[in-house]
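For reference, the structure discussed in these notes is given below.
Numbering (UniProt numbering), first residue to last: 1 to 1124.
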């Protein structure tokens, strides 16, 4: 707008001229009469009528409607091309220049002078006018009303805080962008900073402004891709090739490498975006969504820190920023209120790694989210209210770009262009700072009408209360039980000395320290106090801990001092120093008597006790090779210790991130018993996942049967104990598979090294990211008598399960009707009994089946089972799984496994482990037989039907079918196990396990010849005894398997032996029995026996000598004759 500059010469003339100007502009007739009495002194002298006609309607409008701010821009006709006046109108208080000038500068306007006026209308209605002379950038066309109007809108939005006040706003003039479009550029730039882009925000701002034309084209490409209103243009253009070609040409002309890199990074983010809510209107007419949300494909983001999640949602607004990372389409994890504004994505990325390990036991893979409020607050109440408001906005942003389900069909978000497939699964959970926010999240879910309802965020008022259940602590206690068993202790009955991180008001610490009344808690600390009790009475201290747990918001300061043993006490962490009693010096094994609180906590962490129980927040143990800066927890730098300094015998990680992974490994290499936090405290997420899947089921039930919400909630509550047991079964199974892996770490070190190499070469994991040893480090450990540690096995366990389950979901295995019981067994009994029809059509039925099978296969057969089987047979994981399921049910393995697990402390641990391993070997050999005799895909149901019943007969027929040496060995093994305390039925059955894999050949032969299986089995073992090949059987089993080739050679020799025995047994059956067969082939058998005798004279057997022996046995197959 251009105005003349002449001013009125007299007040009367000025008023008349102003009235005329106002009338020409269509202002209300009485406007000047209302404002003339309150015109600021000197206003009429410094502002001519055309200017007043611009100002006065705005002033009256602000006063009448109670607005906050308005603005206008114009220039005088004789002013220079870049000299303009920018008018700011503020209702209420004046704007300090220190606040006003940066806002103008951010828009590219350089202030030259300022004049201020205040219109004091009736009452408290004051309107301040700031008239600022500004110089605008060259080329800015403010004479265009649209440009001028957008500049004013951008200023007002920045003033109100609805857009951020920074240098990106210069794009309004430099690139002709609207403030809304600038927000898109800003959001992408903020994301670049979170992923470690090397240039500062100020540099990015200057780069995009310097190259405003390119920035505008990049924004146009964004709009072309994602604005639903441009759908017709997208279809007509047939793509965006022309836009991209133009951008590429412009980029090639950019002289600065750094500018080029910045602009290309923004372009890459546009290309990596899969969907956005930028074009989705707000809830009120004329508004936009509260936040901008961008769903990204991380594989397309250059230089993204590893590991790359599958999906990522970036949420940005002037009020909150946040990120949500998902490891797969079905994923879950908590949303964290982060305090790391500069690098919260780095924090979330570290957490999602751990979450993916933790989630290996449940249906979804890992996810994690984090958000940071950006506005300052002045009180704790304001701080919490702002956090809740930001959480609401963040969750709303996530749902804005998530598909819904209605009537069984996937429904995309409105006003959204998608470049990915259907993606309706979004589940969140509580985390640091959001422990009480589940109901808030579910309220948002209800407002959106999201298909998951209150299954969106588990643990709300209509969900399972983890603290009341004590589920996380109970899960971690299973790890302590397993560790205690390894050192000959019973964690539930024996006294264990404990030091702990936390206090009794906390869920994990409090519930954990109430798991056994025999615990002796000698020291603990939280952020407020240090608790010391050198010789506690277990019963009294247990009762006092229970009292504190029930006391709302208790602390160690509430502990009854009268029951603390002599030399103990409770000390504030604010104390200058703590004098340690001789009693506590003895407990902590230190000669020092005076400590600062931090030094005392370090000594507690290093205490020589049975258990270190972590139920707190913070990272307290690192590796000696790590720096405190690498840990990323500055609050505890002054007290953290190294893993090789710990003297406790075992660790229970109820809390997250108490150890770094390298700290765990260092402690484990020194002989300590530790899993990982992801293993120990997985029960919480496991329980939440059960809740979500049950609620998904019951949502269908409510829709199809009329069940009310109250009835659903009552049913949920009634199943609490069974859900808890299902969850704890997972903890027991995972700690057991790790305990067995630890026992086999050295004997199978070469297998584990090969497996690691395979996982890495196929792209499933990165050793460096997971702190797994290199081949050289494994060789060094092997030379020192060590293999992988339990924390490393925990990572391998998770990757094995996650990989296998993912492959199963991609196959048709979960659709096999034979596996329907796996789906049904997942749910508690009341649901199985009443809602079978709804269970069968559960939305996640395939994922549940794959998760159930995948977990059980690894838990029973070991971490490297499928890898070894694939190496040996050449078939893939899914086909191995089919054969494993068949073998599992043919041998009825699960009930026997459970019987072994139930032995507990009544049987020596080495006996129990040997039983587990014997059953594993049986399963593995059964799988091998099936894969060599049945073409993949294995027909599971047919295989089980063919072999299960006859094998069950043979498994208890030692007396009827065995003879000679093998009979003696079997009964001796049974007697040995009976003597070790193994129950009779288990001892009897387990004694047959080394032989049961041979029954596949026996059963198949009996069925082919229509003979009784018992008769064929007797012939088989009579033949075995007659040939006197027990030595060959033992020699093959004793061959080394230190590398892949030795293992495969041994397996090949065993297969040859079994095949030859089956063929010869077949001949013997045809001949009428072993004796008749021997008579018919006496001379051939004599020659073979002579050769066997010569081979047995060797000092030791190797593959060469045993291959010759087996050649002789195969020759018998060709040279013997039958007369039947």
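Cβ coordinates follow ideal geometry from the N, Cα and C atoms, glycine included.
- For the region 132–202, the full-length alpha helix (DSSP H) segments reaching 4 residues or more read 145–160, 171–174 and 179–194 along the chain.
- The three-state reading of DSSP puts residue 584 in helix, counting H, G and I together.
- One thing to note: residue 327 has its Cβ no nearer than 8 Å to the Cβ of residue 292.
- Just so you know, the alpha carbons of residue 206 and residue 168 end up roughly 8 Å apart.
- Taking the Cβ atoms as the reference, residue 137 lies roughly 5 Å from residue 108, within the contact range of under 8 Å.
- Counted as a single uninterrupted DSSP element, the alpha helix (DSSP H) harbouring residue 752 occupies residues 749–761.
- Of the candidates 499, 492, 505 and 535, 492 places its Cα closest to the Cα of residue 518.
- With fewer than 16 other Cβ atoms inside 10 Å of its own Cβ, residue 1045 counts as exposed.
- Restricting attention to 1074, 1032 and 1055, the CA atom closest to the CA of residue 1021 is found in 1074.
- In this model, residue 628 and residue 554 are separated by some 31 Å (Cα to Cα).
- For residue 315, the enclosing beta strand (DSSP E) covers residues 311–316.
- Within the region 518–595, complete beta strand (DSSP E) segments of at least 3 residues are found at 519–525, 529–532 and 569–572, given in chain order.
- The three-state secondary structure of residue 75, taken from DSSP, is strand.
- Within a 10 Å sphere around the beta-carbon of residue 812 sit fewer than 16 other beta-carbons, which makes this residue exposed.
- Counting only residues of its own chain and dropping the five nearest sequence neighbours on each side, residue 298 has a CB closer than 6 Å to the CB of 304, 308, 309 and 312.
- Residue 916 and residue 740 do touch by the CB rule: their CB atoms are close to 6 Å apart, below 8 Å.
- DSSP assignment within the region 375–434 yields the following whole beta strand (DSSP E) runs of 3 residues or more, N-terminal first: 404–406, 409–411 and 427–429.
- 87 is the residue among 889, 367 and 87 whose C-alpha sits nearest the C-alpha of residue 47.
- By the criterion of a C-beta distance shorter than 8 Å, residue 160 is surrounded in its chain by 68 and 69, once the five residues flanking it on both sides are discounted.
- When secondary structure is reduced to three states using DSSP, residue 1091 falls in the helix class.
- A Cβ-Cβ contact shorter than 8 Å links residue 302 with residue 268.
- One Cα belongs to residue 215, the other to residue 175, and the distance between them is close to 7 Å.
- Under DSSP, residue 89 shares a beta bridge with 70 and 129.
- For residue 675, there is no enclosing beta strand (DSSP E), as DSSP marks it with neither H nor E.
- If you look at residue 603, you'll find it in the alpha helix (DSSP H) that goes 597–605.
- Residue 653 is bridged by DSSP to 614.
- Going by DSSP, residue 220 is part of the alpha helix (DSSP H) stretching over 212–226.
- The region 934–943 and the region 880–890 touch, with no fewer than 3 CB-CB distances between them shorter than 8 Å.
- At the C-beta level, residue 1019 and residue 1068 come within 8 Å of one another.
- Ranking 1031, 789, 907 and 3 by CA distance to the CA of residue 1096 puts 1031 first.
- When C-beta atoms of the region 428–437 are compared with those of the region 477–488, fewer than three pairs fall below 8 Å, so the two segments do not count as touching.
- Under the 10 Å beta carbon count, residue 21 is surrounded by 16 or more other beta carbons and is classified as buried.
- Residue pairing for residue 115: DSSP places it in a beta bridge opposite 131.
- Note that the C-beta distance between residue 128 and residue 116 is below 8 Å.
- In this structure, DSSP gives residue 1060 a helical state, which the three-state scheme calls helix.
- For residue 647, the secondary structure class from DSSP, reduced to helix, strand or coil, is coil.
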